[in-house]
Every structure is written in structure tokens, then in C-alpha cells.
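Protein chains in written order, with the working numbering: chain G, 38 to 242; chain D, 61 to 474.
Before any comments, here is the structure.
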Ligand SMILES: [Zn+2]
């Protein structure tokens, strides 16, 4: 850190620091990336900066399912081809990509953006639980599939949602993915066959 | 079951060690503080992934390997079950340790070269460790007795180990939530799901512990009769916190057990929130070692306590054998010198009955010539090992040139 300060100009220094904040990027990689940007043509650099800005300025949360989108409601929530009576609840937007790859789910989604974890300062008020309950209470929903990752925190989140949905809308069927996923594995990384089977074999909570 | 090879790098006082171990008895002979105990600790680590001596993994790292602020410690063993060998490996990456702080260590486990979790590694090598501090199990705090149960059960019951790991995580999360509720940043209602997990894992742990203690108690009583003059009856009694909730001890069915946990948790909720920690669960369990119904830890003489501890270890070996169908490796850490003739004979009988024993001692004359003749003897000095002839004398000839012939089983770089 100290030696770099002596040789890099302030803007380069700043860029290195920004890259260093990214997940999985250490000081060495941050330097490499910064010097790469330094050598790229101005148009390419501008395109990169614009793409980053667009993500922040044009991507929003879908007001229905909370997934990231550039239009509200998102294409899945707006689709008349989807079954709006079945909501599949996932932890993160990436989980939707994994489930969509299976092509076996025709319903709609709800993204929690996290799981309950007091150690990380996250309670049910910090994730999109209220929004889900709002959708369920509004009617027209017959089944909620809880597709949490098979971790302790995923299971606790699942139990909490089950209890809340049952209290607010006792008629709604609540199911969970079949135990095809091994404990501790991520939905995001599960292969399509495993996910399809987990969806088909879903069980009442 | 036996350990055929043991390799250490940067482990405690060993820079590098490659050791071939035969089945049967091996004796590690040397002065104190030369690395005998460290060897047994390494083997116990391979069996359980945990040390009997410390909960800070960074302590394993050879101290002068830390010079550049980062060090890799490696323990590799080859465990044989019949002719089938399994390579098990623990690697520790230690970092930091500046400003007088202990370094932090990250532990990586591998089985046959493939990264594995503890639940997948434990069970490939079974071990029972006898030490002169075993008496602390009777006289020390309850945490030591819970740790004893956990280490013993984890070796042969993967479901137990999984429940234990999950329970520990539940405790951390739930304690944090209790603190947040106490500070008004969460509501008691949010405890419900954590309570269910606590009850689920807690009941599994309590059930497994109760069963194990019953088996250990029967085995230990049997061993104790042969070790003592039979005037007293040894027993081990499991005293789960939950038993205080109900007259007549633990209920028979798991469903009733869960209900008992549920009632106890609800009853103590206000206290738990005030304390900011979980007050109900198997983390409050205890064991009592008794002689004719009286606590041996509280009322026994030193000699009686020593015999009870020895009976417990021998029963533990039988328990592991019964449950797994495999002979555990016996690790005897300098315990023979403190035993009288009769108890020493009982231990050596157990050694002869099992497939492999690793024994440390400062005095070879504790063994009969017949026993020594059948054992491999290693001389341990300052973190280096040399195999000496089975009769106990050092090999003839000058060490330097003969080393390759007299010590084919040991190789090490300085
Ligand atoms: Zn949407």
C-alpha cells in the first residue's frame, strides 16, 4: 500500500481503491485492473463507466416480486402466460435464473433479498417478508413454494414464512422444495435436473 | 484399524516428519518436552479434527514457521481398515499474530486428496486418548465432560456430529437475537423459529447422549471390577439439565422430549432475554461418575478417581468398537508410570487386544522385556524420531552412516 502511493498518480490510486472494494478482488488484482483501464481506448472506458451507472440508475426493484428489473412490473410479473396463483419464494435474484433454466416452473416469484440471520443483523423486518404477506393477503394466490437454500438460516426463514402465511392466509397451500438438494448447497449452483426434481417433489411444510 | 503412516510439517515442534507405523504397539521414548505428546495429539486431531489440549488451532503451528506472518501446518495420515487405506489430511493456514495477538488459523480437511467437511472426515480413524489429566474429567467443570461426550460420540455417529454443529450455530444466532430483543431491536415473537431448531437438534443430542452414557456406564462398571478390589460399583449417570424439569428423569419418546424442551424454553423466556444467552439446552448438560452411588469427583480419593478415569477410557475403546465394528487406535500418553502393577497389566492387556497402540514414556523399564520385544520403539528427541531396536537399546554402529539401515521406518529432513 505504502509503496504504491509513491508511484501511482492520485486518479489511478483512487481507481485501485475502488476495484479493491469489489468482492474477490485483492490489492494485486485491483492494480492489474486499474492499469488495464489505463491502457484501454477512451470509448471502452466510457462504456464501462456507463454500464456501471446504468445498473444503478436504471435497474430497480419490481414493485410486485422485488426482483431486479429495468421496467416495473418485471417481465415475469407482467406476463399473462404465467400462473399468478403460484408464488415461488427465493433468497436472491440469482436463484430465479437457476429456476428459470429448468423451464419447469410456470408460476411467479418473490425475492426476499436475504435470509434471517441475527449474527448479520438481519431479522424478518430487514428482508421482503411484509411485501410477500401483502401479496398473499391480497388474494388470488393458492400456493406459495418456499425455495430457500438448505442452510440453518434458510430453514429458519422458511419456518418463519410458513407461520406468517398460515396466520394471514390459512387457505393458501405452503410447500417447500423436496430434499434433493444436499444440506449446505446453494440453489444457485444446483444443476437443472436436481432443481426440477426438487420442484416436482415439493412437499407441504 | 490402524494408522500406517503419519506425516507432519510445521506441527508444534516438528518441522518435518515422515513416519511409518506398524500395527501392534509402538513406544515413543524420550525425555519430557521432546515432542512425544505432540505426536499423539496429531493422531487424535486426524481422528476428531479437534485437539484434546486446545481450542485455538493456531497453537499447532510451529512457532518459528510463523516468521513471515503466514505459515502452513500439515498433518497427513494413512488409516488402514483391513487392506483399504484412506488418506486423511488436516492443513492449517495461519496468518497474522502481530501486536502480541495469537495468529488466526483456517483449517482445511481432505480425504484422499479431496476437500471434505468434518462430518465426512471423522470416522476414517478412530482413537482413544489416555492421559494423566483424565482425572480432570471427574473433578473439572461440566464443559470438559460435555466435550468428552461430544468427541467420543462424534467419532462413530455422524448424525450426532451434524446435530451438534447445527446446534452450535443455533446457539450463536439465538443468543444474538436474545441480545437484540433485550435492546428493543427485535421482538420475542422472532424467537419461535430458532426455538424450533433448538428443540429439534437439542432433542437429538440429548437422546444420543443418554444412550451413549448408558452403554459407557455398563462397560465402565465391568472394567472397573477388574481394576479395583470390587468393593465399589462404578456407574456413570447422565444428568441433563432437562431432567430437572420432570420427576423421574428423561421421557422415553423423542416427541415427549421435544415437548419438555418447549415447556422449559417458554418458562425461561424472560430470564433468557434478560441474560442475553440461551439458558435451556444440551449445552447445560452434565455427567456424574459414581462409586456406589457417590460422586467420585467430589468424594473419591485420588487413587479411586484415577481408576475411574482409566475404566472410562477402556470402556470408551469398547464403546467405539461396539458401535463401529472397528478397533480404535489406543493413544497412551505417559500414563503407565502412575499406575500400579495390576492397573498397568490391565492397560497392557487392552493394548495387546487392539490392533494398534501408540504409547509415550520416559522410562522403558515400565514394560516387561516380553512386551518390549513385540513393540516398535522410537527414540524421540527435540522433534526428531529414530527407530531403535525392539529390545530398547540403540542400534549398534555409528548413527550417521547406519541411519538408513537401522531406521528405515523414519525419514526426516532437518
Ligand atoms: Zn416482478
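Virtual Cβ for every residue (Gly too), placed ideally from N, Cα, C.
Since the model is a prediction, treat every value here as computed from it, not as a measurement.
Quick one: grab the DSSP three-state call for residue 157 of chain G. In the first chain, counting from the first residue as 1, residue 157 of chain G sits at position 120. The answer is helix: DSSP assigns residue 157 of chain G an H, G or I state.
Same chain, Cβ closer than 6 Å to residue 147 of chain D, five either side skipped, listed in chain order: Against the second chain, residue 147 of chain D aligns to sequence position 87. The answer, listed in chain order, is 138, 172.
Spell out whether any CB of chain G is found under 8 Å from the CB atom of residue 178 of chain D. Translated into the one-based positions of the second chain, residue 178 of chain D becomes position 118. It does not: the Cβ of residue 178 of chain D has no partner Cβ on chain G nearer than 8 Å.
Ligand 1 and residue 106 of chain G: does the residue's C-beta get closer than 7 Å to at least one heavy atom of that ligand? Here residue 106 of chain G refers to the residue found at position 69 of the first chain. At least one heavy atom of ligand 1 is nearer than 7 Å to the Cβ of residue 106 of chain G, so yes.
Suppose you measure from the CA of residue 448 of chain D to the CA of residue 89 of chain D; what does that come to, to the nearest Å? Along the second chain, one-based indexing puts residue 448 of chain D at 388. Along the second chain, one-based indexing puts residue 89 of chain D at 29. Computed Cα separation, rounded: 10 Å.
Could you tell me if residue 42 of chain G is buried or exposed, where buried requires 16 or more neighbouring beta carbons within 10 angstroms of its beta carbon? Position 5 of the first chain, counted from the first residue, corresponds to residue 42 of chain G. In this prediction, residue 42 of chain G scores a pLDDT of 45, lower than 50, which makes its location untrustworthy; the coordinate-derived value is nonetheless stated afterwards. Exposed is the call here.
Can you check whether the CB of residue 230 of chain D is closer than 8 Å to the CB of residue 249 of chain D? The residue you call residue 249 of chain D lines up with position 189 of the second chain. The residue you call residue 230 of chain D lines up with position 170 of the second chain. Not a contact, by the Cβ cut-off of 8 Å.
Here's a check: name, in chain order, each residue in its chain whose Cβ is nearer than 6 Å to the Cβ of residue 292 of chain D, leaving out the five neighbours to either side. Position 232 of the second chain holds residue 292 of chain D. For residue 292 of chain D, where only same-chain residues beyond five positions count, the Cβ hits under 6 Å are 351, 352.
For residue 147 of chain G, count neighbouring Cβ atoms within 10 angstroms of its own Cβ and tell me buried if that reaches 16, exposed if not. Counting from one through the first chain, the residue named residue 147 of chain G turns up at place 110. Its Cβ being crowded by 16 or more others within 10 Å, residue 147 of chain G is buried.
Looking only at DSSP bridge pairs, what is residue 438 of chain D linked to? For this step, residue 438 of chain D is matched to residue 378 along the second chain. The partner list for residue 438 of chain D (beta bridge, DSSP) reads D:88, D:447.
Could you pull the DSSP bridge partners for residue 125 of chain G from this structure? For the purposes of this step, residue 125 of chain G is taken as residue 88 along the first chain, with counting starting at 1. According to DSSP, residue 125 of chain G bridges with G:146, G:182.
Contiguous beta strand (DSSP E) assignments of at least 3 residues, all confined to the stretch 130-218 of chain D: 130-141, 144-155, 164-171, 174-176, 187-191
Please identify, using Cβ separations under 7 Å, the residues of the stretch 245-265 of chain D that lie next to chain G, in order along the chain. 246, 250, 252, 253, 254, 256, 257
By how many angstroms is the C-alpha of residue 306 of chain D removed from the C-alpha of residue 324 of chain D? Sequence index remark: in the second chain, residue 324 of chain D carries index 264 (1-based). Sequence index remark: in the second chain, residue 306 of chain D carries index 246 (1-based). Spanning the two alpha carbons is a distance of roughly 10 Å.
Could you give the distance in angstroms between the alpha-carbon of residue 138 of chain G and the alpha-carbon of residue 131 of chain G? As a first step, residue 138 of chain G must be located in the first chain, where it is residue number 101. As a first step, residue 131 of chain G must be located in the first chain, where it is residue number 94. Computed Cα separation, rounded: 11 Å.
Among the residues of its own chain, which have a CB less than 7 Å from the CB of residue 346 of chain D, if the five just before and after it don't count? One-based indexing of the second chain puts residue 346 of chain D at position 286. Excluding sequence neighbours, residue 346 of chain D sits near 202, 205, 299.
Please classify residue 228 of chain D: is it buried, with 16 or more other beta-carbons within 10 angstroms of its beta-carbon, or exposed? Residue 228 of chain D sits at position 168 when you count from the first residue of the second chain. By the neighbour-count rule (16 or more Cβ atoms within 10 Å), residue 228 of chain D is not buried but exposed.
Which residue wins for smallest C-alpha separation from residue 404 of chain D, given the options D:277, D:431, D:379? Residue mapping note: residue 404 of chain D aligns to position 344 of the second chain, counting from 1. The shortest C-alpha separation from residue 404 of chain D is found at D:431.
Thinking just about the alpha-carbon of each residue, which of D:135, D:342, D:87 is nearest to the one in residue 74 of chain D? For the purposes of this step, residue 74 of chain D is taken as the residue at position 14 of the second chain. Closest option to residue 74 of chain D, Cα to Cα, is D:135.
Since residue 229 of chain D meets chain G, which of its residues come closer than 7 Å, beta carbon to beta carbon? Sequence index remark: in the second chain, residue 229 of chain D carries index 169 (1-based). Neighbours of residue 229 of chain D on chain G, chain order: 189.
Chain D contact residues for residue 193 of chain G, given Cβ-Cβ distances below 7 Å: Within the first chain, residue 193 of chain G is the residue found at index 156, counting from 1. The answer, in chain order, is 253, 254, 257.
What runs of the beta strand (DSSP E), each 3 residues or longer, lie entirely inside the stretch 388-423 of chain D? 389-393, 416-421
Check whether the stretch 253-267 of chain D touches the stretch 310-317 of chain D, taking contact to mean three or more Cβ pairs, one atom from each stretch, closer than 8 Å. yes
So, at 8 Å on beta carbons, what are the nonlocal neighbours of residue 180 of chain G in its own chain, with the 5 sequence-adjacent residues on each side left out? Position 143 of the first chain holds residue 180 of chain G. If we look at residue 180 of chain G and ignore the five residues flanking it on each side, its Cβ neighbours are 122, 123, 124, 144, 209, 210, 211, 212.
Residue environment, residue 144 of chain D, which counts as buried when at least 16 other CB atoms sit within 10 Å: The residue given as residue 144 of chain D occupies position 84 in the second chain. Result: exposed.
Taking residue 240 of chain D as the query, report the chain G residues whose CB atoms sit under 7 Å from its CB, ordered along the chain. The residue you call residue 240 of chain D lines up with position 180 of the second chain. Result: 155.
Report the CB separation of residue 59 of chain G from residue 74 of chain G in whole angstroms; it is logged as a contact under 8 Å. As a working mapping, residue 59 of chain G is identified with position 22 in the first chain. As a working mapping, residue 74 of chain G is identified with position 37 in the first chain. In fact, because the Cβ distance is near 13 Å, the residues do not count as touching under 8 Å.
Which two residues bound the contiguous beta strand (DSSP E) that contains residue 294 of chain D? Mapped onto the second chain, residue 294 of chain D falls at position 234. Residues 294-299.
With a cut-off of 8 Å, does the C-beta of residue 285 of chain D fall near any C-beta of chain G? What you label residue 285 of chain D is simply residue 225 of the second chain in a count that begins at 1. No, residue 285 of chain D lies away from the interface with chain G (no Cβ there is under 8 Å from its Cβ).
Proximity below 8 Å, CB of residue 103 of chain D to CB of residue 389 of chain D: Mapped onto the second chain, residue 103 of chain D falls at position 43. Mapped onto the second chain, residue 389 of chain D falls at position 329. It is a contact, given that the beta carbons lie within the stated cut-off.
Output needed in chain order: residues of the stretch 158-178 of chain G with a Cβ under 7 Å from some Cβ in chain D. 160, 161
Touching by the beta-carbon criterion (3+ pairs, under 8 Å), the stretch 79-93 of chain D and the stretch 413-432 of chain D: yes
With a threshold of 16 other CB atoms inside 10 Å of the CB of residue 117 of chain G, please say whether the residue is buried or exposed. The residue labelled residue 117 of chain G in the question sits at position 80 within the first chain. Counting Cβ neighbours within 10 Å, residue 117 of chain G comes out exposed, since fewer than 16 surround it.
Step through the CB atoms of chain G and report whether any lies within less than 8 Å of the CB of residue 97 of chain D. Position 37 of the second chain, counted from the first residue, corresponds to residue 97 of chain D. Output row for residue 97 of chain D: interface = no.
Using 8 Å for Cβ pairs, my map puts residue 303 of chain D next to residue 198 of chain D. What's the rounded Cβ distance? Walking along the second chain from the start, residue 303 of chain D turns up at place 243. Walking along the second chain from the start, residue 198 of chain D turns up at place 138. Residue 303 of chain D to residue 198 of chain D, Cβ: 20 Å. No contact.
When we look at the beta-carbon of residue 309 of chain D and count the other beta-carbons within 10 Å, is it buried (16 or more) or exposed? Your numbering for residue 309 of chain D matches position 249 in the second chain. That one is exposed.
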